[in-house]
């Protein structure tokens, strides 16, 4: 736990030290620790980027293939200001986000509904489990060409790919979450007078929620993968298309620039999701409350 | 039968057998030829060795489980499904951790179609009775074990059950808290005059609370003997344990129970 790491910093006090002094000292220790963590986080980034930049400048690695942080930054700046060969950067980013978000929301809603439905119905899940396993064992990206063949180069094929990637992750977690719901708690609700639907709504769904949220974190990344892989295989716009074009023209800086963009977008989404989760899960014991 | 509905016992288990069949086809008999009668307003305790099938009897009364043979009757009528007159107190607390205290207590009335305002009024009333008026908006994890148990009791009592089933409800509490909870339970029971079946492995708890103590045999459980506990009410649980009559009851019943505990223990170590 976190408080083990705190131990060495916990000072011994002279007898007669007031509580306020002890608290102030503890707060200082916590603050110093936070600063230290932040310092190293930044230091590692600077060192890594610095090494990359220097190796590239000194020709230890070939800048043609590996680019350099300055080239990547320059490219991002250029794209942001003057647009890409395929039109405005924001438009391309918007397309990818649209595909990923639609896939993410439809996929997770479908995953939750089907997961909870099958989790509540033993017979149906016994029958369907073999097919779910079979479909689940297909590596999802191989579906990209089929979707593009059927649905064309536009939005639909990427949404379908993002959907299928998200669906199975969320489904599996929702299903497991239902199975893990406490039997006594279900019995309690039923004896208190809950109907089947009330049991699902007030016991099953909330207790599956932490499983579902765990999967949502991963699956937004999957939605982005689905959208971008779809764009690789065939698209007119989007970040995946930019990467594909950059690859075609041996434009390493362009590829890295696109990767950095996707990284930022995913991090922001992750942050938003954590905020939503914390708000919904305020009933849970807070981790680390005991650290001081 | 309908004509003497008013006098029929609260709970009757008549020659009940309950078998469990595992998915591989093996059967396990938890109860065999089990007979029990609980009069209206009576407090019955059930003691027996661990794993003998005590909890199974309760599940049969709730309607969560069906007897494999025999009959279970509530207030003179057969059990079909979960009976709204039944309340159940669980061994570990079965509160909903994502609901705060008042929402937990309101759950029962809301499930049963009461309005939100009505449910809230009732919940506040019950939480006041168990002394938790200041904790309405706390979540279960913020409360002590004893407080959670009180919330559970309020959650169960708010439905005003005529039949109260309790499955070792206080076994997880420390001794002091447990005695306090015994007092509270007896107080609530005296107000409501519900019929209670209290399953426990703690003989002193059984004698201190109950009018009648059922001793079960090592599994498959059947009734070994029934003792009537004639200690005066209202009882003060914290002091009753020094009462000579109480000690005598405990000794007599323990002699009886000990053989079953030993049998059960011997079987368990043979199986291991």
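Protein chains in written order, with this note's numbering: chain A, -9 to 282; chain B, 42 to 313. Virtual Cβ for every residue (Gly too), placed ideally from N, Cα, C.
On a CA-only basis, which of the options is nearest residue i? Give me that one, please.
{"i": "residue 202 of chain B", "options": "B/261, B/124, B/240 and B/174", "result": "B/124"}
{"i": "residue 180 of chain A", "options": "B/130, B/214 and B/221", "result": "B/130"}
{"i": "residue 285 of chain B", "options": "B/260, B/226, B/272 and B/148", "result": "B/272"}
{"i": "residue 260 of chain B", "options": "B/303, B/236 and B/120", "result": "B/303"}
{"i": "residue 116 of chain A", "options": "A/97, A/132 and A/165", "result": "A/165"}
{"i": "residue 207 of chain B", "options": "B/276, B/215 and B/86", "result": "B/86"}
{"i": "residue 270 of chain A", "options": "A/199, A/244, A/58 and A/240", "result": "A/199"}
{"i": "residue 74 of chain A", "options": "A/261, A/236 and A/139", "result": "A/236"}
{"i": "residue 84 of chain B", "options": "B/233, B/186, B/147 and B/152", "result": "B/233"}
{"i": "residue 240 of chain A", "options": "A/224, A/54, A/170 and A/213", "result": "A/54"}
{"i": "residue 283 of chain B", "options": "B/156, B/249 and B/80", "result": "B/249"}
{"i": "residue 51 of chain B", "options": "B/158, B/237 and B/242", "result": "B/237"}
{"i": "residue 219 of chain B", "options": "B/120, B/121, B/278 and B/148", "result": "B/278"}
{"i": "residue 264 of chain A", "options": "A/205, A/231 and A/233", "result": "A/205"}
{"i": "residue 67 of chain A", "options": "A/258, A/259 and A/243", "result": "A/243"}
{"i": "residue 160 of chain A", "options": "A/95, A/124, A/141 and A/113", "result": "A/95"}
{"i": "residue 178 of chain A", "options": "B/254, B/194 and B/56", "result": "B/194"}
{"i": "residue 221 of chain B", "options": "B/76, B/263 and B/187", "result": "B/187"}
{"i": "residue 273 of chain A", "options": "B/292, B/254 and B/182", "result": "B/182"}
{"i": "residue 95 of chain B", "options": "B/254, B/274 and B/67", "result": "B/254"}
{"i": "residue 97 of chain A", "options": "A/252, A/7, A/266 and A/217", "result": "A/217"}
Tell me the residue span of the beta strand (DSSP E) that contains residue i.
{"i": "residue 253 of chain B", "result": "253 to 257"}
{"i": "residue 236 of chain B", "result": "236 to 241"}
{"i": "residue 129 of chain B", "result": "127 to 130"}
{"i": "residue 207 of chain B", "result": "204 to 208"}
{"i": "residue 134 of chain B", "result": "Run containing residue 134 of chain B: none; DSSP gives neither H nor E here."}
{"i": "residue 245 of chain B", "result": "From DSSP, residue 245 of chain B is part of no beta strand (DSSP E) but of the alpha helix (DSSP H) over 244 to 250."}
{"i": "residue 76 of chain B", "result": "68 to 79"}
Rounded to whole angstroms, what is the Cα-Cα separation between residue i and residue j?
{"i": "residue 196 of chain A", "j": "residue 139 of chain B", "result": "7 Å"}
{"i": "residue 121 of chain A", "j": "residue 111 of chain A", "result": "16 Å"}
{"i": "residue 268 of chain A", "j": "residue 180 of chain B", "result": "15 Å"}
{"i": "residue 281 of chain B", "j": "residue 230 of chain B", "result": "18 Å"}
{"i": "residue 62 of chain A", "j": "residue 167 of chain A", "result": "43 Å"}
{"i": "residue 87 of chain A", "j": "residue 3 of chain A", "result": "55 Å"}
{"i": "residue 91 of chain A", "j": "residue 250 of chain A", "result": "19 Å"}
{"i": "residue 12 of chain A", "j": "residue 22 of chain A", "result": "15 Å"}
{"i": "residue 48 of chain A", "j": "residue 42 of chain A", "result": "10 Å"}
{"i": "residue 163 of chain B", "j": "residue 111 of chain B", "result": "38 Å"}
{"i": "residue 35 of chain A", "j": "residue 135 of chain A", "result": "38 Å"}
{"i": "residue 106 of chain B", "j": "residue 132 of chain B", "result": "18 Å"}
{"i": "residue 308 of chain B", "j": "residue 90 of chain B", "result": "12 Å"}
{"i": "residue 258 of chain A", "j": "residue 203 of chain A", "result": "16 Å"}
{"i": "residue 78 of chain A", "j": "residue 246 of chain A", "result": "18 Å"}
Residues in the same chain with beta-carbon distance under 7 Å from residue i, minus the five sequence neighbours each way, listed in chain order, please.
{"i": "residue 144 of chain B", "result": "none"}
{"i": "residue 265 of chain B", "result": "256, 257, 258, 297 and 301"}
{"i": "residue -3 of chain A", "result": "Unreliable positioning characterises residue -3 of chain A in this predicted model, as indicated by a pLDDT of 49, which lies under 50. A coordinate reading is not provided."}
{"i": "residue 49 of chain B", "result": "116 and 117"}
{"i": "residue 244 of chain B", "result": "88, 291, 294, 295 and 298"}
{"i": "residue 147 of chain A", "result": "137, 138, 141 and 220"}
{"i": "residue 62 of chain B", "result": "68"}
Output needed for residue i: all residues of its chain with C-beta closer than 6 Å, excluding positions within five of it in sequence on either side, in chain order.
{"i": "residue 255 of chain A", "result": "none"}
{"i": "residue -1 of chain A", "result": "Confidence in residue -1 of chain A is poor, its pLDDT being 49 and thus under 50, which makes the residue's placement too unreliable to answer from."}
{"i": "residue 101 of chain B", "result": "108 and 113"}
{"i": "residue 100 of chain A", "result": "157"}
{"i": "residue 97 of chain B", "result": "59, 71 and 72"}
{"i": "residue 222 of chain A", "result": "230 and 234"}
{"i": "residue 184 of chain A", "result": "none"}
{"i": "residue 228 of chain A", "result": "82, 85, 86 and 221"}
{"i": "residue 43 of chain B", "result": "Annotation note: pLDDT 46 at residue 43 of chain B (below 50); position unreliable, no value reported."}
{"i": "residue 45 of chain B", "result": "For residue 45 of chain B, the predicted structure reports a pLDDT of 48, less than 50, and the residue's modelled location is therefore unreliable. The matter cannot be settled from this model."}
{"i": "residue 170 of chain B", "result": "none"}
Which residues bound the alpha helix (DSSP H) around residue i?
{"i": "residue 95 of chain B", "result": "95 to 103"}
{"i": "residue 68 of chain A", "result": "59 to 72"}
{"i": "residue 46 of chain A", "result": "9 to 47"}
Quick one: residues in its chain with C-beta nearer than 8 Å to the C-beta of residue i, no 5 flanking neighbours on either side, listed in chain order?
{"i": "residue 279 of chain A", "result": "Per-residue confidence for residue 279 of chain A stands at a pLDDT of 41, beneath the threshold of 50, marking its modelled position as unreliable; no derived number is given."}
{"i": "residue 129 of chain A", "result": "none"}
{"i": "residue 171 of chain A", "result": "193, 194, 197 and 198"}
{"i": "residue -6 of chain A", "result": "Residue placement at residue -6 of chain A is flagged as unreliable, the pLDDT there being 48, under the threshold of 50; the coordinate-derived value follows with that caveat. Taken in chain order, the list of residues that qualify is empty."}
Which of the residues in the stretch 55 to 88 of chain B, read from start to end, lie with their CB under 9 Å from any CB of chain A?
none
With 8 Å as the limit, tell me which residues of the stretch 177 to 194 of chain A have their beta carbon closer than that to any beta carbon of chain B; keep them in chain order.
177, 178, 179, 180, 181, 182, 183, 184, 185, 188, 192 and 193
Listed in chain order, which residues of the stretch 165 to 194 of chain B have Cβ atoms closer than 9 Å to some Cβ of chain A?
180, 181, 182, 183 and 193
Could you name the residues of the stretch 106 to 129 of chain A whose beta carbon sits closer than 9 Å to any beta carbon of chain B, in the order they occur along the chain?
none
Closer than 8 Å, Cβ to any Cβ of chain A: which residues of the stretch 90 to 111 of chain B, in chain order?
103 and 105
At a Cβ cut of 9 Å, what residues of the stretch 196 to 212 of chain A count as close to chain B, listed as they run along the chain?
196, 197 and 199
Residues in the stretch 136 to 168 of chain B with C-beta within 9 Å of chain A's C-beta atoms, listed in sequence order?
136, 137, 138, 139, 140, 141, 148, 149, 150, 151, 152, 153 and 154
For the stretch 147 to 175 of chain A, list every residue whose C-beta sits within 8 Å of some C-beta in chain B, in sequence order.
172, 174 and 175
Report the residues of the stretch 253 to 273 of chain A with a CB closer than 7 Å to any CB of chain B, ordered along the chain.
273
Interface residues of the stretch 111 to 124 of chain B facing chain A [CB-CB below 8 Å]:
123
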